[in-house]
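One structure below.
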Amino acid sequence: KAGVTQTPRYLIKTRGQQVTLSCSPISGHRSVSWYQQTPGQGLQFLFEYFSETQRNKGNFPGRFSGRQFSNSRSEMNVSTLELGDSALYLCASSTRGGTYNEQFFGPGTRLTVL
Amino acid sequence: AQSVTQLGSHVSVSEGALVLLRCNYSSSVPPYLFWYVQYPNQGLQLLLKYTTGATLVKGINGFEAEFKKSETSFHLTKPSAHMSDAAEYFCAGDSNAGGTSYGKLTFGQGTILTVHP
Chain A
6 KAGVTQTPRY LIKTRGQQVT LSCSPISGHR SVSWYQQTPG QGLQFLFEYF SETQRNKGNF
66 PGRFSGRQFS NSRSEMNVST LELGDSALYL CASSTRGGTY NEQFFGPGTR LTVL
Chain Z
423 AQSVTQLGSH VSVSEGALVL LRCNYSSSVP PYLFWYVQYP NQGLQLLLKY TTGATLVKGI
483 NGFEAEFKKS ETSFHLTKPS AHMSDAAEYF CAGDSNAGGT SYGKLTFGQG TILTVHP
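So this is what it looks like as structure tokens:
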């Protein structure tokens, strides 16, 4: 099976712009979670989508949003970019079945805001 | 709210020596716990997980961890370090396992493991 893929891998934007990141989960996985990784704050949960619905949300401002499509692919959007949004954005997928299923992570998108 | 604490942001060992990376959790209910490894410019790879059952969990690449409820710990060990083990390691937990918080992991701050020849 192919792993979790994220596009693009690297992105450079300027303050005030918006950005959209894409995540394709492992085939058959219906849950996609997003995380932000920075040197100062570490790994922080953004949100999780399952069956096209946001099920969980972390403590991030409304500038961070996401969505999930019927094929389970997910996108996250950050509007009005700030310097502090520079980070590695990771998505993870899981089956979210009856017993606990671990999350499988993609390689991440490195966002740099200038 | 759950928290995960990793003691020591940097650990340095010699090749062939024991690796011990410490993780403590704080939760009102026994959590599901995980160890992930991250190599430079890559995502996270699952090393092992504790959900239910046996408290000594074996993972990939010779790593194992023991869930100790009395100590609220989930330390990661490997008997003999290899140069290829050099990476950053993250302990993570999900305190609402079985509830409605699937997909939300709380991570420790990470421990960078350096292996000297």
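Chains A and Z, in that order, are what the protein sequence lines are.
Just so we're aligned: 30 in the numbering used here is position 25 of the first sequence, and the numbers increase by one with no gaps anywhere.
Just so we're aligned: 480 in the numbering used here is position 58 of the second sequence, and the numbers increase by one with no gaps anywhere.
C-beta atoms are modelled at their ideal positions from N, C-alpha and C, and glycine is treated no differently.
**Asked** Alpha carbon to alpha carbon, how far is A514 (chain Z) from N483 (chain Z)?
**Response** Between the alpha carbons of A514 (chain Z) and N483 (chain Z) lies a gap of roughly 19 Å.
**Nonlocal neighbours in the same chain, by C-beta distance under 7 Å from A92 (chain A), ignoring five residues either side** = Here the set comprises Q41, Q42, T43, L116.
**Message:** When you compare the CB of Q428 (chain Z) with every CB in chain A, is at least one pair closer than 7 Å?
**Reply:** Taking Cβ atoms only, chain A never reaches closer than 7 Å to Q428 (chain Z), which makes this a no.
**Three-state secondary structure assigned by DSSP to N446 (chain Z)** = The answer is strand: DSSP assigns N446 (chain Z) an E or B state.
**Prompt:** With contact counted as at least three CB pairs below 8 Å, one residue from each stretch, are the region 26 to 38 of chain A and the region 423 to 438 of chain Z in contact?
**Reply:** Taking a contact to require three or more Cβ pairs closer than 8 Å, the region 26 to 38 of chain A and the region 423 to 438 of chain Z do not qualify as touching.
**Request:** Between the Cα of S449 (chain Z) and those of Z:I534, Z:K480, Z:S495, spot the shortest distance and give me the residue it belongs to.
**Result:** Minimum Cα distance to S449 (chain Z) is reached at Z:S495.
**CB contact below 7 Å: G45 (chain A) versus chain Z** = Output row for G45 (chain A): interface = no.
**Prompt:** In terms of residues, what are the limits of the beta strand (DSSP E) holding F65 (chain A)?
**Reply:** It is not in any beta strand (DSSP E) - F65 (chain A) carries neither H nor E in the DSSP assignment.
**Asked** From Z:P453, Z:G430, Z:P462, pick the residue whose C-alpha is nearest to that of P112 (chain A); which is it?
**Response** Checked all of Z:P453, Z:G430, Z:P462; the closest Cα to P112 (chain A) is Z:P462.
**Prompt:** When the Cβ atoms of the region 82 to 100 of chain A are set against those of the region 503 to 511 of chain Z, are three or more pairs found closer than 8 Å?
**Reply:** Segments in contact, no.
**Prompt:** Who does V9 (chain A) pair with in a DSSP beta bridge?
**Reply:** As far as DSSP is concerned, V9 (chain A) takes part in no beta bridge.
**Asked** In angstroms, rounded to a whole number, what distance separates the CA positions of R72 (chain A) and L429 (chain Z)?
**Response** For R72 (chain A) and L429 (chain Z), the distance between alpha carbons rounds to 36 Å.
**Asked** Among Z:V426, Z:S492, Z:F485, which residue has its Cα nearest to the Cα of Q467 (chain Z)?
**Response** It is Z:F485 whose Cα lies nearest to the Cα of Q467 (chain Z).
**Message:** Can you list, in chain order, the residues of its chain with a C-beta nearer than 7 Å to that of E488 (chain Z)? Leave out the 5 residues immediately preceding and following it.
**Reply:** Closer than 7 Å at the Cβ level, and outside the excluded window around E488 (chain Z), lie T477, L478, H497.
**Request:** Could you tell me the distance, in whole angstroms, from the CA atom of L530 (chain Z) to the CA atom of R444 (chain Z)?
**Result:** According to the sequence as given, residue 530 (chain Z) is Gly; it is not Leu. Taking C-alpha positions only, G530 (chain Z) is separated from R444 (chain Z) by approximately 10 Å.
**Prompt:** Taking the continuous beta strand (DSSP E) assigned at A480 (chain Z), which residues delimit it?
**Reply:** It should be pointed out that residue 480 (chain Z) corresponds to Lys in this sequence rather than to Ala. Note, K480 (chain Z): beta strand (DSSP E), 478 to 480.
**Asked** Which residue from A:Q108, A:G21, A:R35 puts its Cα closest to that of K471 (chain Z)?
**Response** It is A:Q108.
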